[in-house]
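Enquirer:
In the working numbering, the protein residues as written are 50 to 445.
1. Where does the unbroken alpha helix (DSSP H) through residue 69 begin, and where does it stop?
2. In chain order, what residues of the same chain lie with their CB nearer than 8 Å to the CB of residue 239, ignoring the 5 residues before and after it?
3. So what does DSSP say about residue 32, is it helix, strand or coil?
4. Evaluate residue 380 with the Cβ neighbour count: other Cβ atoms within 10 Å of its Cβ, from every protein chain shown; 16 or more gives buried, anything less gives exposed.
5. Quick one, which of 420, 382, 324 and 210 has its alpha-carbon nearest residue 254's?
6. Using DSSP with H/G/I as helix, E/B as strand and the rest coil, what is residue 52?
7. Within this structure, are the beta carbons of residue 33 and residue 130 separated by less than 8 Å?
8. Please return the same chain residues whose Cβ sits closer than 6 Å to the Cβ of residue 413, not counting the five positions on each side in sequence.
9. Measure how close the beta-carbons of residue 159 and residue 439 come, nearest whole angstrom, since I'm counting them as under 8 Å.
10. Given a cut-off of 8 Å, decide if residue 336 and residue 366 are closer than it, judged by their beta-carbon atoms.
11. Can you tell me whether residue 170 is helix, strand or coil according to DSSP?
12. Taking just the CA atoms, how far does residue 112 sit from residue 221?
13. Below 6 Å CB to CB, which residues in the same chain sit around residue 165 once its five sequence neighbours on both sides are set aside?
14. Name the two residues that bound the continuous alpha helix (DSSP H) containing residue 378.
15. Helix, strand or coil for residue 422? Go by DSSP, reduced to three states.
16. Can you tell me the Cα-Cα spacing of residue 291 and residue 308, whole angstroms?
17. Is it buried or exposed for residue 317, if we count other Cβ within 10 angstroms and need 16 for buried?
18. Locate the alpha helix (DSSP H) running through residue 235, then write down its first and last residues.
19. State the Cα-Cα distance for the pair residue 411 and residue 418, rounded to the nearest angstrom.
20. Identify whether residue 87 lies in helix, strand or coil by the three-state DSSP scheme.
21. If we call anything under 8 Å between Cβ atoms a contact, is residue 297 one with residue 436?
22. Quick check: what's the CA-CA separation for residue 328 versus residue 146?
23. Which value, in whole angstroms, describes the spacing of the CA atoms of residue 122 and residue 228?
24. Terminal residues of the continuous alpha helix (DSSP H) containing residue 346?
25. With a cut-off of 8 Å, do at least 3 Cβ pairs link the segment 70–78 to the segment 192–212?
26. Less than 6 Å between C-beta atoms, sequence neighbours within five positions excluded: which residues of the same chain meet that for residue 171?
27. What would DSSP say about residue 294, mapped onto helix, strand or coil?
28. At what residues does the alpha helix (DSSP H) containing residue 366 begin and finish?
29. Taking the runs of the beta strand (DSSP E) that are 3 residues or longer, which of them lie wholly in the segment 258–291?
30. Count the other CB atoms, across all protein chains shown, that sit within 10 Å of the CB of residue 54; report buried if there are 16 or more and exposed otherwise.
31. Quick one: grab the DSSP three-state call for residue 209.
32. Does the beta-carbon of residue 331 have 16 or more other beta-carbons within 10 angstroms, so that it is buried, or is it exposed?
33. Give the list of continuous alpha helix (DSSP H) stretches no shorter than 4 residues that lie fully inside the segment 79–148.
34. Here's the rule: buried if 16 or more other CB atoms are within 10 angstroms of the residue's CB, otherwise exposed. What is residue 207?
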C-alpha cells in the first residue's frame with residue numbers, strides 16, 4: 050500500500066467531495082429556497098442540471114488548461130468556482146443569481162476527473178490503478194451524502210444562505226493546501242502549450258482514432274443515465290407503486306447510495322487482481338440491466354428483503370461502475386493523454402445524467418414505471434453487449 054499516491058489521491062478526493070457537496074446542497078435546501086424566492090421547487094431542482102450541462106463543456110475544454118497551467122492549478126480553479134458559487138447563491142436574492150451560480154460551479158466541476166486523472170495516472174502503478182481510481186470516485190456520492198446530511202439541519206438552525214455560505218471555509222482551506230502541492234505536482238506543466246480550437250476539441254478528436262474509446266464512451270452515457278434514473282425515481286416509485294412510506298423509501302434509496310460507495314473500492318481490487326476492468330464493466334452492464342428490470346416489477350406483493358437486495362445490486366453496479374470506467378479511460382489515454390480521455394468520459398457521463406432521467410419521466414407518463422425500467426434495462430444490456438463485442442483490449 051506504500052505505492053499508493055496518497056497526496057494526489059486525497060487531494061483529488063477532497064476537491065471532488067467539496068464541489069459535489071456544493072452542487073447537491075442547493076437541492077437539499079430547495080424547499081426553503083423556493084419558498085423564500087417564491088418560485089416553484091422544480092425550478093430550483095434544475096440547478097444540478099445546469100451544473101452538469103456546463104460541466105460537460107468544462108470537461109472537454111479543461112485538458113488544454115491542465116497541460117499549460119498544471120493539474121493542481123486547475124484544481125484550485127475548481128475550488129474558486131465552488132467558493133464563487135456558494136457566495137453568489139447565498140448572497141443573491143433571485144432565481145437569476147442562483148442560475149448564474151450554477152454556471153460558475155459548472156465551469157469548474159467538469160475538470161474534476163481530468164485533473165485527478167492527470168495527477169494519478171503518472172504516479173499510480175498499473176497493478177493498483179483500478180483501486181486508486183475507484184477510491185477517487187467515492188468523492189461524488191460522498192459529496193451528495195454530506196450535502197443531504199449537513200445542509201437540512203443548518204437550514205433549520207440558521208438559514209439556507211448560512212448552509213451554503215459556511216462551505217466557503219473548507220473550500221478555502223483546500224485552495225491553500227493545493228498551493229503547497231504546486232511546486233512538486235505541477236512541475237510537468239508546459240507554459241507554451243497552445244490553448245486553441247484544436248486543443249479544446251482534443252478529447253473529441255480521440256474518438257476518430259480510438260474505436261474502443263467510442264464504445265466505452267457510449268456505454269458510459271447509458272450507465273451514467275441509468276445511475277441517475279435510480280437516484281431520481283427510487284423513492285417516488287416505491288411510495289407510489291410498492292406501498293412504501295416516505296421514510297422506508299428513503300432508506301432504500303440510502304441503501305442504493307451506500308452500496309455504490311462501498312462497492313467501488315471492492316471492484317477496484319477485483320479488477321486489479323482477478324477480473325480485467327473491461328470485463329467487469331461488461332458484467333456490470335448486464336447486472337444493472339437485470340436490477341432495472343426487477344425494479345420495474347416492484348409492487349406491494351414484493352417482500353421487503355427482495356427490494357432491499359435489488360437496491361444493493363443496483364447501487365453496486367449502476368453507481369459502483371464509475372471508478373473502473375475512469376480507470377479504463379486513463380489506461381487508454383496513458384500518462385500523457387489521461388486528462389483528454391477522462392474529460393471525454395466525464396462529458397459523456399454528464400450528458401447521460403442530463404438526458405436519461407428526463408426521458409425516463411416521459412416514458413413513465415406514457416406507459417408506467419414497468420415500461421420505463423424495461424427501456425433502461427434494455428439500454429444497459431445493449432451497452433454491456435457492445436463492450437463485449439466491440440470493446441477491444443480487456444487489459445487490467
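Built from N, CA and C at the ideal position, the CB exists for glycine as well.
Expert: Looking at the coordinates:
1. In the chain shown, counting from the first residue as 1, residue 69 sits at position 20. Its alpha helix (DSSP H) spans residues 55–77.
2. In the chain shown, residue 239 corresponds to position 190, counting from 1. Taken in chain order, the residues that qualify are 116 and 117.
3. It is not possible to answer for residue 32, since the shown part of the chain is limited to 50 through 445.
4. Numbered from 1 along the chain shown, position 331 holds the residue referred to as residue 380. Around the beta carbon of residue 380, a 10 Å sphere encloses 16 or more other beta carbons of the protein chains shown; the residue is thus reported as buried.
5. Position 205 of the chain shown, counted from the first residue, corresponds to residue 254. Measuring C-alpha to C-alpha distances from residue 254 to each of 420, 382, 324 and 210 identifies 382 as the nearest.
6. Locating residue 52 in the chain shown gives position 3, counting from the first residue. Looking at residue 52 - three-state DSSP - the assignment turns out to be coil, as it is neither helix nor strand.
7. What is shown of the chain runs 50 to 445, which leaves residue 33 out entirely.
8. If you number the chain shown from 1, residue 413 lands on position 364. Cβ neighbours of residue 413 beyond the five flanking positions: 421.
9. Along the chain shown, read from residue 1 onward, the residue named residue 159 stands at position 110. Along the chain shown, read from residue 1 onward, the residue named residue 439 stands at position 390. That pair is no contact at about 27 Å.
10. Working through the chain shown from its first residue, we reach residue 366 at position 317. Working through the chain shown from its first residue, we reach residue 336 at position 287. Pairing residue 366 with residue 336 gives a Cβ-Cβ distance under 8 Å.
11. To locate residue 170, count along the chain shown from 1; it is residue 121. Assigned with DSSP and collapsed to three states, residue 170 falls in helix.
12. Residue mapping note: residue 221 aligns to position 172 of the chain shown, counting from 1. Residue mapping note: residue 112 aligns to position 63 of the chain shown, counting from 1. Each residue's Cα considered, the two are about 24 Å apart.
13. As a working mapping, residue 165 is identified with position 116 in the chain shown. Cβ within range, chain order: 61 and 185.
14. The residue given as residue 378 occupies position 329 in the chain shown. Residue 378 -> alpha helix (DSSP H) spans 371–416.
15. Your numbering for residue 422 matches position 373 in the chain shown. Here residue 422 sits in helix by DSSP.
16. As a first step, residue 291 must be located in the chain shown, where it is residue number 242. As a first step, residue 308 must be located in the chain shown, where it is residue number 259. Taking the Cα positions, residue 291 is about 21 Å away from residue 308.
17. Counting from 1 along the chain shown, the entry for residue 317 is found at position 268. The residue is buried, with at least 16 neighbouring Cβ atoms inside 10 Å.
18. In the chain shown, the residue the question calls residue 235 occupies position 186. Looking at the DSSP string, residue 235 is not in any alpha helix (DSSP H), and its letter there is neither H nor E.
19. Taking the chain shown and counting its residues from 1, one reaches residue 411 at position 362. Taking the chain shown and counting its residues from 1, one reaches residue 418 at position 369. Looking at the two C-alpha atoms, the distance is approximately 10 Å.
20. If you number the chain shown from 1, residue 87 lands on position 38. Secondary structure at residue 87: coil, using DSSP grouped into helix, strand and coil.
21. Numbered from its first residue, the chain shown carries residue 297 at position 248. Numbered from its first residue, the chain shown carries residue 436 at position 387. Going by C-beta atoms, residue 297 is not nearer than 8 Å to residue 436.
22. Position 279 of the chain shown, counted from the start, is the residue given in the question as residue 328. Position 97 of the chain shown, counted from the start, is the residue given in the question as residue 146. For residue 328 and residue 146, the distance between alpha carbons rounds to 45 Å.
23. Here the question's residue 122 lines up with position 73 in the chain shown. Here the question's residue 228 lines up with position 179 in the chain shown. Near 8 Å, if we compare the C-alpha coordinates of residue 228 and residue 122.
24. The residue you call residue 346 lines up with position 297 of the chain shown. Membership of residue 346 in any alpha helix (DSSP H) is not indicated, and neither H nor E is assigned to it by DSSP.
25. With a cut-off of 8 Å, the segment 192–212 and the segment 70–78 count as touching, because enough Cβ pairs lie within range.
26. Indexing the chain shown from 1 puts residue 171 at position 122. Answer for residue 171: 384, listed in chain order.
27. Taking the chain shown and counting its residues from 1, one reaches residue 294 at position 245. Residue 294 sits in coil when the DSSP states are folded into three classes, being neither helix nor strand.
28. For the purposes of this step, residue 366 is taken as the residue at position 317 of the chain shown. It is not in any alpha helix (DSSP H) - residue 366 carries neither H nor E in the DSSP assignment.
29. You should have found no qualifying run.
30. The residue labelled residue 54 in the question sits at position 5 within the chain shown. Label assigned to residue 54: buried.
31. What you label residue 209 is simply residue 160 of the chain shown in a count that begins at 1. Look at residue 209 here: in three-state DSSP terms it is helix.
32. Numbered from its first residue, the chain shown carries residue 331 at position 282. So residue 331 counts as buried.
33. Taking 4 residues as the shortest admissible run, the segment 79–148 contains the following complete alpha helix (DSSP H) segments, listed from N- to C-terminal end: 79–86, 90–118 and 120–140.
34. Reading the chain shown from its first residue, position 158 is the one you call residue 207. Answer is exposed; the Cβ neighbour count stays below 16.
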